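Single-structure report; data block below.
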Amino acid sequence: MNRNFEILLDHVNQTEFVDTHEHLIDESERLNCVKPFIQCDDWTTILGLYAKFDLVSSGITQKETELVSSQEIPPLDKWRIIQPYWNRIRYTGYGQVFQHTINDLYGISELQENSILELQEKYAGYRKEGFYKETLKRASIKGCIVNPPGRPFKESELPDLLYQDIDAMGMIRMDFERLNENIVPQIAGLSDWLEIINWWFDKYADNAVGVKIGIAYFRRLDFKKASIETAEPLFSKKVQGEKLSETEEKTLQDFLFWYVIDLATKNRLPVKFHTGHHAMNNFMNLENVMFNPSDCANLCRLSPDTEFIFFHISYPYYEPMISLTKHYSNAIIDMCWSWTCNPIASVDFLKKYIVSSPINKIMVFGGDDLYIENLIGHAKIARRGISKALSELVDDKWITENDAFEIADTIMWKNAMEIYKIK
1 MNRNFEILLD HVNQTEFVDT HEHLIDESER LNCVKPFIQC DDWTTILGLY AKFDLVSSGI
61 TQKETELVSS QEIPPLDKWR IIQPYWNRIR YTGYGQVFQH TINDLYGISE LQENSILELQ
121 EKYAGYRKEG FYKETLKRAS IKGCIVNPPG RPFKESELPD LLYQDIDAMG MIRMDFERLN
181 ENIVPQIAGL SDWLEIINWW FDKYADNAVG VKIGIAYFRR LDFKKASIET AEPLFSKKVQ
241 GEKLSETEEK TLQDFLFWYV IDLATKNRLP VKFHTGHHAM NNFMNLENVM FNPSDCANLC
301 RLSPDTEFIF FHISYPYYEP MISLTKHYSN AIIDMCWSWT CNPIASVDFL KKYIVSSPIN
361 KIMVFGGDDL YIENLIGHAK IARRGISKAL SELVDDKWIT ENDAFEIADT IMWKNAMEIY
421 KIK
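Numbering follows UniProt numbering, with no gaps: position 68 of the sequence shown is 68.
What follows is the structure, encoded as structure tokens:
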């Protein structure tokens with residue numbers, strides 16, 4: 001194997017990550033199997049968010065998916081449902097995360113029928129008090145930034161390890177029930193909704209490290225400035241149960257978006273966006289995804305004082321994102337989840353980024369997962385990809401070996417600690 005790759009892999013393996021994006025619930029919630037996050041407490045849980053999506057893409061039926069997620073079906077029977085589809089997805093990034101996780105965490109080298117009962121036993125034995133800290137230690141992760149499922153902000157049980165975002169998507173999409181925790185007696189008009197948004201920022205901005213907006217799953221990121229005078233009557237119609245036109249709904253969301261951006265900027269919180277490929281199955285509007293890079297550029301132009309962080313390299317439209325960070329001083333790239341989507345494209349992106357755009361504006365790791373065990377596999381794939389990208393740049397004499405060591409430290413943890421002001 002390539003000497004430079006081996007040298008750099010050794011260095012990268014010894015370097016801790018700051019993990020910049022997960023969806024972890026608290027350990028106590030995991031141990032108590034809190035629904036809807038934990039449907040069944042067996043080995044199929046760590047097939048996770050993503051391998052299950054590839055199973056659907058490969059042809060597993062809705063009925064079979066429901067059986068795999070059922071608490072009533074024995075672990076071995078679940079394997080017999082999954083087995084015909086497993087060989088179709090085992091080579092994908094999602095499949096490889098799972099394989100690395102069960103190998104490195106449980107010592108199981110191959111997912112096959114005669115290993116399922118052992119896998120179930122080791123899964124259950126590992127999942128006990130303290131396993132969150134143990135997993136982060138094994139994955140060589142010094143801390144995670146968590147976009148919490150459920151509430152817009154979660155006061156973590158492990159605040160020194162799991163740093164929290166404010167999730168603002170419900171503020172923009174007007175999730176009235178979830179956000180109004182008895183903050184106002186009734187949402188009668190736009191002023192009430194803005195009071196609720198203000199409450200979340202007033203209460204949690206000092207404890208948050210960023211603001212996450214995942215709305216690209218539902219619309220383009222083409223947010224135009226809108227006045228409160230325009231937004232007020234639209235909000236009144238909506239809160240009274242009248243259906244807004246598509247244009248009216250967009251205008252109202254646009255107003256609320258910029259209201260949130262202004263609050264984040266005043267509180268010196270970076271704003272983070274999902275870009276690129278969509279998780280789950282059978283609904284992605286690829287035309288919207290294609291426009292993500294140009295829409296992100298417009299956000300940077302319209303709000304130059306806001307620090308924008310764009311997730312997932314906007315895969316598969318990743319080269320324009322390098323141009324974006326090269327041009328706009330307030331644009332930052334986070335490669336979270338990209339290693340799992342396509343590890344080879346991520347190597348290509350990182351190589352091109354390093355020789356094109358300032359090195360202080362990229363972060364390279366986050367599993368974007370709900371189940372902490374999978375951080376083992378996510379981290380392994382990312383470390384291999386980072387080492388490959390750096391070693392190829394050394395081989396081609398774009399950088400020196402010493403440069404590569406310095407770059408690894410910068411992109412694996414230093415940038416994240418500076419951008420998110422983690423001490």
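Glycine included, each C-beta is placed from N, C-alpha and C at the ideal position.
Because the structure is a prediction, the values reported are computed rather than measured.
| message | By the DSSP assignment, the alpha helix (DSSP H) with Ile354 in it spans what residues? | response | 343–354
| task | Indicate the three-state DSSP secondary structure (helix, strand or coil) for Lys128 in the structure shown. | result | coil
| message | Counting C-beta neighbours from all protein chains within 10 Å, is the total for Val184 16 or more, i.e. buried, or is it exposed? | response | exposed
| Touch check for the region 251–261 and the region 314–323: three-plus C-beta pairs under 8 Å? | no
| query | Going along the chain, which residues of its own chain have a beta-carbon closer than 7 Å to the beta-carbon of Ser109, five neighbours each way excluded? | reply | Asn103
| query | Straight-line CA distance for Ile215 to Ala205? | reply | 20 Å
| Three or more C-beta pairs closer than 8 Å, one from the region 136–145 and one from the region 16–29: is that the case here? | yes
| query | Nearest to Phe17 by CA position, among Lys414, Lys423, Ile419, is which residue? | reply | Lys414
| request: Report the three-state DSSP secondary structure of Ile407 (helix, strand or coil). | output: helix
| query | Pairing CB atoms from the region 227–242 with CB atoms from the region 160–167, are three or more of them under 8 Å? | reply | no
| Buried or exposed: Ala124, going by 16 or more other Cβ atoms within 10 Å of its Cβ? | exposed
| query | Thr400 to Met417, Cα distance in whole Å? | reply | 25 Å
| request: Using DSSP bridges, identify the partner residues of Lys212. | output: Asp167, Lys272
| query | CA-CA distance, Gly59 and Val260? | reply | 40 Å
| field | Boundaries (first-last residue) of the alpha helix (DSSP H) holding Ala205 | value | No alpha helix (DSSP H) contains Ala205, which DSSP labels as neither H nor E.
| For the region 110–120 against the region 349–360, are there 3 or more C-beta pairs whose distance is under 8 Å? | no
| Tell me which same chain residues have a C-beta within less than 6 Å of the C-beta of Ala404, skipping the five on either side of it? | Leu8, Leu390, Val394
| field | Contact between the region 42–62 and the region 85–99 (3+ Cβ pairs under 8 Å) | value | yes
| query | Do the CB positions of Ile372 and Thr135 come within less than 8 Å of each other? | reply | yes
| request: Reducing DSSP to helix, strand and coil, say where Val184 ends up. | output: coil
| task | Hey, could you find the ends of the beta strand (DSSP E) Ile332 is sitting in? | result | 331–334
| task | Return helix, strand or coil for Asp160, following the three-state DSSP convention. | result | coil
| Taking the alpha helix (DSSP H) that His327 falls in, what are its first and last residues? | 319–327
| query | Just the Cα atoms here: how many angstroms apart are Ala345 and Gln14? | reply | 24 Å
| task | Work out the CA separation of Met169 and Ser236 for me, nearest whole Å. | result | 20 Å
| Cα-Cα separation between Lys63 and Leu55, rounded to whole angstroms | 13 Å
| message | Taking 7 Å as the limit between beta carbons, can you name the residues of its chain near Lys351, skipping five residues before and five after? | response | Ala389, Glu392, Leu393
| field | Coarse secondary structure for Met280, derived from DSSP in three states | value | coil
| Could you give the distance in angstroms between the alpha-carbon of Asn182 and the alpha-carbon of Phe176? | 11 Å
| request: Closer than 8 Å by C-beta to His277: which residues in its own chain qualify, once you throw out the five before and the five after it? Chain order, please. | output: Met284, Val289, His312, Tyr315, Pro316, Cys341
| By Cβ distance, which residues of its chain are closer than 6 Å to Trp337, with the 5 residues on each side in sequence left out? | His312, Asp368
| task | Following the continuous beta strand (DSSP E) through Thr20, name the residue where it begins and the one where it ends. | result | 17–22
| task | Using the DSSP secondary-structure output, state which residues sit across from Val68 in a beta bridge. | result | Looking at the DSSP assignment, Val68 forms no beta bridge with any residue, so it has no partner.
| request: Could you say which of Ile362, Asp305, Asp295 lies nearest to Lys326 if we only look at CA atoms? | output: Ile362
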